[in-house]
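Student:
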Amino acid sequence: MKRINELSQTVQKRARELPANIAQLPGSLESERDRFIKNKTGEEQLRSNLSEPLAPWIGYGQQYEEKMKKKILKIAKDQQNIVNGPPEDANFQFDMKVYVKTAEAVLKEDPELSKLRFILVPQHMTESTFWRNYFYRVMLAKQSVLGSIEDEPEHQPASTLTTPSNKGEVLFDLTADDSDEEDNLLAKDKE
């Protein structure tokens, strides 16, 4: 019986304190929310400072960066590189959120790409499609440069990129100048 009385008194005491606790609840929730927002903005600032926009050729070492930069900058010289998307069987995943910082950096580095983007988006394709097609070509250019480290095929120069499904179909030749590209396209059309 004594135990029941103690329990009853404790419940009554808590019931009397309840209105005061409820009155303090919005203030404590607000302070908790402010603390959460401060922590979140601090994390975002740290994350944004750490994710400085870098061009796609940065970080591969000096011996590859220059070669890679040349190949990547040549992508925007031919509109077809951007207009034609990756083949359906290509193993290429694209998420614009992942590539947005790199896209910012490459636009600063490559005025030709900026001009091409102005021409194509949104009249001919969406922003997302433009960048998907561009970064697919960047991936091929990187593979070409990095693949030249290993054994190169004797029948194909390292700078010529082909589709994975059809080894003979040339997507673009990064060593050819503009007049050679036109000759190559005409020769391909005749075949």
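With the sequence shown counted from 1, adding 28 to any position gets you this note's numbering. Just so you know, even glycine gets a beta-carbon here, dropped at the ideal spot from N, CA and C.
1) With a threshold of 7 Å on Cβ separation, who are the neighbours of residue 126 within its own chain once the five nearest residues in sequence on each side are excluded?
2) Hey, residue 85 and residue 103: beta-carbon distance below 8 Å or not?
3) Excluding the five sequence neighbours on either side, which residues of its own chain have a C-beta within less than 7 Å of the C-beta of residue 87, listed in chain order?
4) Please state whether the Cβ-Cβ distance between residue 144 and residue 135 is less than 8 Å.
5) Determine the closest residue to residue 130 out of 47, 50, 80, 48, with distance taken between C-alpha atoms.
6) Kindly give me the distance between the Cβ atoms of residue 173 and residue 95, rounded to whole angstroms, as I take these residues to be in contact under 8 Å.
7) Output the residue ranges of the alpha helix (DSSP H) runs that lie fully inside the region 104–189 and measure 4 residues or longer, sorted by chain position.
8) Quick check on residue 92: does DSSP put it in helix, strand or coil?
9) I'd like the list of long-range same chain contacts for residue 32, defined as Cβ closer than 7 Å, with 5 residues on each side in sequence excluded.
10) So what does DSSP say about residue 34, is it helix, strand or coil?
11) Quick check: what's the CA-CA separation for residue 47 versus residue 63?
12) Tell me whether residue 83 sits in a helix, a strand or coil according to DSSP, three-state version.
13) If you count every other CB in all the chains shown that lies within 10 Å of the CB of residue 163, and 16 or more means buried, which is it?
14) Between residue 161 and residue 112, is the Cβ-Cβ spacing less than 8 Å?
Tutor: To lay it out plainly:
1) none
2) no
3) none
4) no
5) 80
6) 5 Å
7) 108–111, 124–137, 139–148, 155–175
8) helix
9) none
10) helix
11) CA-to-CA, the gap between residue 47 and residue 63 works out to about 25 Å.
12) coil
13) buried
14) yes
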